[in-house]
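**Student:**
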Amino acid sequence: MTPAALAELVRATAVDVLSTRGLDPAALPTAVTIERPRNPEHGDYATNVALQTAKKVGVTSRDLAGWLADALTGTDAISSVEVAGPGFLNLRLAADAQGAIVRDVLKAGDAYGRGDQFAGTRINLEFVSANPTGPIHLGGTRWAAVGDALGRVLAANGGEVTREYYFNDAGAQIDRFVRSLIAAAKGEPAPEDGYAGGYIGDIAAEVLRQEPGALTAEDSHEVFRRIGVTLMFEEIKKDLHDFGTDFDVFFHEDSLHKSGSVTKAVEQLKNSGALYFDNGAWWLRSTEFGDDKDRVVIKSDGDPAYIAGDIAYLVDKRSRGFDLCIYMLGADHHGYIGRLKAAASALGDDPASVEVLIGQMVNLVSEGVPVRMSKRAGNVITMQDLVDAVGVDAARYAMTRSSADSSLDIDLDLLRKRSNDNPVFYVQYAHARLSSVLRNAADLGVTPGEAVEELTHDREGDLIRTIGEFPRVVATAGELREPHRVARYLEELAGTYHRFYEACRVLPRGDEETTELHRARLSLCAATRQVFANGLALLGVSAPERM
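The sequence shown runs 653 to 1199 under this note's numbering.
1. Beta-carbon within less than 7 Å of A683's beta-carbon, same chain only, minus the 5 sequence neighbours each way: which residues are those?
2. With 16 as the cutoff for other CB atoms within 10 Å, does D930 come out buried or exposed?
3. Considering only residues of the same chain and omitting the five flanking positions on each side of D1114, which have a CB-CB separation below 6 Å?
4. Please classify N1074: is it buried, with 16 or more other beta-carbons within 10 angstroms of its beta-carbon, or exposed?
5. Based on the DSSP secondary-structure assignment, which residues constitute the bridge partners of L698?
6. Where in the segment 1129-1173 do unbroken runs of the alpha helix (DSSP H), each at least 4 residues long, occur, reported from the N-terminal end onward?
7. Report, in whole angstroms, the separation of the C-beta atoms of A964 and V949, which I expect to be a contact under 8 Å.
8. Does the segment 1154-1170 come into contact with the segment 1046-1057, if we say contact requires no fewer than three beta-carbon pairs (one atom in each stretch) closer than 8 Å?
9. Taking DSSP's pairing of strands, which residues face T814 in a bridge?
10. Using only the alpha-carbon positions, how far apart do G786 and L892 sit?
11. Here's the rule: buried if 16 or more other CB atoms are within 10 angstroms of the residue's CB, otherwise exposed. What is D696?
12. Please identify the residue among V667, P655 and L670 whose C-alpha is closest to the C-alpha of I686.
13. Since A729 and E1105 should fall inside the 8 Å C-beta cutoff, what is the C-beta to C-beta distance between them, to a whole number of angstroms?
14. Can you find the residues in the same chain that come closer than 8 Å, C-beta to C-beta, to L758, ignoring five residues on each side of it along the sequence?
15. Can you name the residues that DSSP bridges to M980?
16. Closest to K945 by C-alpha separation, out of P841, G811 and Y988, would be which residue?
17. Comparing alpha-carbon positions, which option in H1150, T793 and E1112 lies nearest P692?
18. Starting from D898, follow the alpha helix (DSSP H) in both directions and report where the run begins and ends.
19. Excluding five sequence neighbours on each side, which residues of the same chain lie with their C-beta closer than 7 Å to the C-beta of F876?
20. Suppose you measure from the CA of S971 to the CA of K922; what does that come to, to the nearest Å?
21. Could you give the DSSP three-state label for L892: helix, strand or coil?
22. Alpha carbon to alpha carbon, how far is A856 from A994? Give it in angstroms, no decimals.
23. Per DSSP, what are the beta-bridge partners of I1062 in this structure?
24. Identify whether T915 lies in helix, strand or coil by the three-state DSSP scheme.
25. From G765, D676 and H873, pick the residue whose C-alpha is nearest to that of N1186; which is it?
26. With DSSP collapsed to three states, give me the class of R794.
27. How about I852 and A836: do their beta carbons lie closer than 8 Å?
28. Since E734 is in the beta strand (DSSP E), which residue starts that stretch and which ends it?
29. Do you know offhand how far Y1081's Cα is from V667's?
30. Below 6 Å CB to CB, which residues in the same chain sit around N820 once its five sequence neighbours on both sides are set aside?
31. Can you give the Cα-Cα distance for L1096 and A1155, rounded to whole angstroms?
32. Tell me the residue span of the beta strand (DSSP E) that contains D930.
33. If you reduce the DSSP assignment to three classes, tell me which class P692 lands in.
34. Mark V1275 as exposed unless 16 or more other C-beta atoms lie within 10 angstroms of its C-beta, in which case mark it buried.
35. Counting only runs of 3+ residues fully inside the segment 1049-1104, write out the beta strand (DSSP E) ranges in chain order.
36. Going by C-alpha distance, which of F1152, E1197 and A1129 is nearest G767?
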């Protein structure tokens, strides 16, 4: 019995208890909270449903808890219920009901942990979206890992997720990039406001290889722009793919301007009165929709401000049928939360259809000293630098195991270690150890068994209850947009499994006869390995069978 199933049982029992006593079941919470006590001596699970409900129906919480305890004790799934404190219920599951979690995992396989809270919801998840003016840096690398993991988590919860990359290929940064390429092609220093690093010289040389006359062409700037941006774009896509992050849509900002979408969106806002003219510019009345200040949409020189493209882009996303548009932006984009929601409201749309997640900075440390230099990109550390240093799995796991809204220090020396001090090794090793147990069992001719009621050892119970938490962890990670919860859960699961392994012999020794307990423990191992595999897959990290 999973915590979700137990919550349903407790609520159904509470409805019966209240109805029988002439009390209103509507006073019950919609979802009953089921938690694992910190002290295992207090039971397998605990609930505060009596405390939440008693006052509303006019009884004491201890009385209501006692009635619930009597009713629940009579069910097949629960072996005992104890009333604690002012009205908490501590519950112990019957061995068969607890062991049924093992059967559930093995039956569901890859689907274990999946839910339906976003079923029928079309989600546009935009992340990374780095300017095509250089390799992806550490901030973009963090979003590549976290965004891809979030997409997997949302899909696991039933969402129809489209991963989208927004290429900022319009505006001043592209002009600076092109001027930097031309300077490199001429053997000149980078412009004062340009881009430096070995990659600029590499791309400039490739432009000249493809178009030997690029420097003397009448449209030299356009030649370098067309080829240079494409080369940079392709390199970014390759780095992302090699990192395990692929996108369904690559959307070009420039297309919004060329297609007239920006002009159309601006006219829509003018006609609705959401824009006003002041000091030669057109302003969005964004303060009327919760923003901290009004925003210039059309500048006094007649050119659209950056937000004009954002507004047209939002219109485009919604016109493609997305119910929820999630933007994952860098640490310097806090202002976008208010302005994008204000833009949605100004367009007559639901601001709840827009979510903005802000990621914080990432720092690399080696031997206690910050790592600052990249061989290829000057003073910027790139995705490829990190992957070269520690590998894709370690890089992805390190980026996803902490909340994205907090700054992150990554210890390169730690990630290179093949020891339990390294979180990704710790989790992957648990999966590999389980795989080894199952291989050894096959060699001995021992097969998993169905007698899960044999699993009564405390360490077995700890492990069963931990794998039973996985669906709730996945659901919470999706609801809160926090895939790091999956990583932290896997680390807890690894610790719980290792303690089980030390206390409970899984396979018979020597000529020892194979018992139903051995086979039941083998089933528990198979279920635990499945949960590790499912969890690592949500993070885009491999689940090795040997290490």
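Cβ coordinates follow ideal geometry from the N, Cα and C atoms, glycine included.
As the structure is a computational prediction, the values presented were derived from the model and not from experiment.
**Tutor:** According to the data block:
1. A659
2. exposed
3. T1148
4. buried
5. At residue 698 the sequence reads Ala, which differs from the Leu that was named. Paired residues: E687 and N742.
6. 1136-1155
7. Actually they are not in contact, since the Cβ atoms of A964 and V949 sit about 10 Å apart, beyond 8 Å.
8. no
9. N776
10. 13 Å
11. buried
12. P655
13. Wrong, their Cβ atoms sit about 12 Å apart, outside the cutoff.
14. P1100, S1175, A1178, A1179 and Q1182
15. L1009
16. Y988
17. E1112
18. Unbroken run through D898: none, as it is neither H nor E.
19. V830, L833, I834, V859 and A866
20. 19 Å
21. helix
22. 41 Å
23. L1016
24. helix
25. G765
26. helix
27. yes
28. I730 to A736
29. 45 Å
30. N783 and E905
31. 21 Å
32. L927 to D930
33. helix
34. As shown, the chain starts at 653 and ends at 1199. That puts residue 1275 outside it, with no answer to give.
35. 1060-1063
36. A1129
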